[in-house]
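Step one of this worksheet: look at the structure below.
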Amino acid sequence: MWRWLKNVKMIWRGSQSDPLLKYKWIIANYWTIEDYLRELFKEDTDKLVYKMLSENELNTMFNNRLKDNFYEVEDIFEQVKEYDIL
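Structure follows, in C-alpha cells:
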C-alpha cells in the first residue's frame with residue numbers, strides 16, 4: 284500500500300535502487316509518480332498555507348488529496364504506460 288491507497292502497491296527492491304509503484308498492471312518508478320503528484324499538490328495549494336504548515340500536516344493533506352482525487356493517480360499511471368516512462 285502506498286500513501287494509504289489500497290490499489291497502489293509499493294515494491295521495494297533494496298537500498299541500492301529506487302522503489303517501484305504498481306497500479307493494476309502498470310509498474311512505474313516511485314519518484315516519477317511521487318514528484319509529479321507532489322507538484323500538482325503544491326500548485327493547487329495556497330502558497331502561504333503551504334509555507335505555514337508542517338511537513339506532517341502537508342503529508343496528511345497530500346494523502347487526503349490522493350484519496351479524494353484518485354483519478355489523478357490513475358491518470359499519471361496511464362501516462363507512464365502510454366509514454367513508456369519508468
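Numbering of the sequence shown is given in the working numbering, commencing with residue 284 and proceeding in unit increments. Ideal placement from N, C-alpha and C gives every residue a C-beta, glycine not left out.
- The C-alpha of Glu-338 is placed about 26 Å away from the C-alpha of Tyr-306.
- At the C-beta level, Val-291 and Val-363 stay beyond 8 Å of one another.
- Beyond the five residues adjoining it in sequence on each side, Asn-346 comes within less than 7 Å, by CB distance, of Arg-286 and Trp-287 in the same chain, given in chain order.
- For Asn-312, the enclosing beta strand (DSSP E) begins and ends at 309-312.
- According to the DSSP secondary-structure assignment, Tyr-306 is paired through a beta bridge with Val-291 and Ile-309.
- Membership of Met-344 in the alpha helix (DSSP H) is indicated by the continuous run 338-351.
- Note on Leu-331: under 16 other CB atoms within 10 angstroms of its CB, so exposed under the neighbour-count rule.
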